[in-house]
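As they're listed, the protein sequences go chains H and L. Using this note's numbering, the first residue of the first sequence is number 1, and each one after it goes up by one. Using this note's numbering, the first residue of the second sequence is number 1001, and each one after it goes up by one. By construction, the Cβ of each residue, glycine as well, lies at the ideal position given by its N, Cα and C atoms. Values in this document were obtained by computation on a predicted structure and should not be read as measured data. First comes the structure, then the notes that go with it.
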Amino acid sequence: MTMIEAVPLNWVLALAAILFCIGLFGVLVRRSLIGILFGVELMLNAVNINLIAFWRYLEPNLVAGQVFALFIITIAAAEAAVGLAMVIAVYRTRRTIVADDMRNLQG
Amino acid sequence: MVTVIFIAIASLIIASAALVVVSREIVRAALWLIATFFAVGALYLLLEAEFIGVAQVLIYVGAVSILILFAIMLTRQHEWQEPAWRAGPWWIALAGAIGLAAVLITTLGAFPWQLHANDLPVSRAPQLGTALMREYLLPFQLAAVVLLVALIGAVVIALEERRRRIPTLADDVAAQRATTDRTEDGTS
């Protein structure tokens, strides 16, 4: 008994949708820049779950599904590295990582 | 049996992701984020994408989480409590997220998918490696370039000028330890 026979595709898609919306909520309500990055990571993971589920349920003979997921993991790692470096740089010049305090461009 | 495992993994993912968002202490949120990454890796294994599952554990649990913990350590002052949420109306964000989830679930649930689920997956790790070396060679090399650029860019952005240094929690602990060492030397 594999997962494919036991669990319908819609359940996996619903799980990914819920995870994406939790990440979206985190991006909207978190105050610190690191907390916002957590939300972005959750959303990227939700997208990856979707890609793997579509690969396994719809086109298990095509390798492209896994390749896409692998590239998303790579880009997410690069995004986390640059984003956290920017958080550290912002903290160094302003002594805060709260997003509401960064209003230099506000008119 | 598999259904029970899937439901367990799914509830673990959702619960730990919710705790990531609502935790007041940022270090706890980071630890719950690591738990979420682990559970997502387990879900990949359940979906028979074993290479992606291992890559998830290696990259997210191994590298990204350590990076996040270091960033938290370097952006913290000694007596500083971070207010977790925005002062604004958070229920609007909650309503928007729940509405988006409802729309997504109903739309995706109504779509008639053409399942080919009963075929055994042909694309395993050897096929994945062959594909990365043949038809996806250019994107593969571009990903390598992106990683190199991100590495150099992160170093350049986070490079510390000594004269503009701001003390962090780690510096406070180091200074405290240095003074206690000095007093111990003086007494002995």
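Determine the direct distance from the alpha carbon of H/F54 to that of L/Q1114, and round the result to whole angstroms. 10 Å
Which partner residues does H/S109 have in the DSSP bridge list? Because chain H spans 1 through 107 in this model, residue 109 of chain H falls outside it and cannot be assessed.
Just checking: is the beta-carbon of L/F1051 within a distance shorter than 8 Å of some beta-carbon in chain H? yes
What separation, rounded to the nearest whole angstrom, lies between the Cα atoms of L/W1091 and L/A1015? 19 Å
Tell me whether the beta-carbon of L/I1026 lies closer than 8 Å to the beta-carbon of L/I1072. yes
L/A1046 versus H/Q106: straight-line alpha-carbon distance, rounded: It should be noted that the sequence gives Leu, not Ala, for residue 1046 of chain L. Approximately 48 Å between the Cα atoms of the pair.
Where does L/S1023 fall in DSSP's three states? In the structure shown, L/S1023 sits in coil (DSSP, three-state: anything other than H, G, I, E or B).
Our contact map puts H/T96 next to L/V1002 with C-beta atoms below 8 Å; I'd like the distance itself, whole angstroms only. Actually they do not touch by this definition, with Cβ atoms about 48 Å apart.
Label L/P1112 either buried or exposed according to how many other C-beta atoms from any shown protein chain fall within 10 Å of its C-beta, with 16 as the threshold for buried. exposed
How long is the line joining the alpha carbons of H/N104 and H/L28, rounded to whole angstroms? 20 Å
Can you tell which of H/R56, H/A78, H/P8, H/F20 has its C-alpha closest to the C-alpha of L/A1102? H/F20
If I'm right that L/L1128 touches H/E41 with Cβ under 8 Å, what's the distance once you round it to whole angstroms? At roughly 23 Å, the Cβ-Cβ gap does not stay under 8 Å, so L/L1128 and H/E41 are not in contact.
Determine whether the beta carbon atoms of L/Q1056 and H/I73 lie at a separation below 8 Å. yes
According to DSSP, is L/R1076 helix, strand or coil? Coil, per DSSP.
Are there any heavy atoms of the ligand MN lying less than 7 Å away from the beta-carbon of H/T93, as far as the coordinates show? Within the structure as shown, the ligand MN is missing, as the structure has no ligands at all.
With distances taken between CB atoms, is the gap from H/V45 to L/V1040 smaller than 8 Å? Sequence inspection shows Asn at residue 45 of chain H; the Val mentioned does not correspond to that position. Cβ distance < 8 Å, so H/N45 and L/V1040 count as in contact.
Name, please, each residue of chain H whose Cβ falls closer than 7 Å to the Cβ of L/L1147. T74, A78
Among L/E1160, L/A1008, L/V1173, L/G1096, which has the Cα closest to the Cα of H/T93? L/E1160
Kindly indicate the opening and closing residues of the alpha helix (DSSP H) around L/A1095. 1090-1110
For H/P8, three-class secondary structure by DSSP: Coil at H/P8, not helix or strand.
Let me know if H/L84 comes out buried or exposed under the rule of 16 or more other beta-carbons within 10 Å of its beta-carbon. buried
Give a yes or no on whether the minimum CB-CB distance between H/M102 and chain L is below 8 Å. Taking CB atoms only, H/M102 has no neighbour in chain L less than 8 Å away.
Using only the alpha-carbon positions, how far apart do H/L70 and H/G26 sit? 24 Å
Name the chain H residues that come within less than 9 Å of L/Q1114, Cβ to Cβ? L58
Cβ-based burial, L/T1075 [other Cβ within 10 Å; buried from 16]: buried
Do L/L1108 and H/A64 count as a contact pair if the criterion is CB distance below 8 Å? no
Compare the C-beta of H/V87 against all C-beta atoms of chain L and say whether one is closer than 8 Å. yes
Is it right to say L/A1154 is buried, meaning 16 or more other beta carbons lie within 10 angstroms of its own, or is it exposed? buried
Can you tell me which of the three DSSP states H/V63 falls into? Of the three classes helix, strand and coil, the one that applies to H/V63 here is coil, per DSSP.
Nearest by alpha-carbon distance to L/T1130: which of H/Q66, H/A76, H/L24 is it? H/Q66
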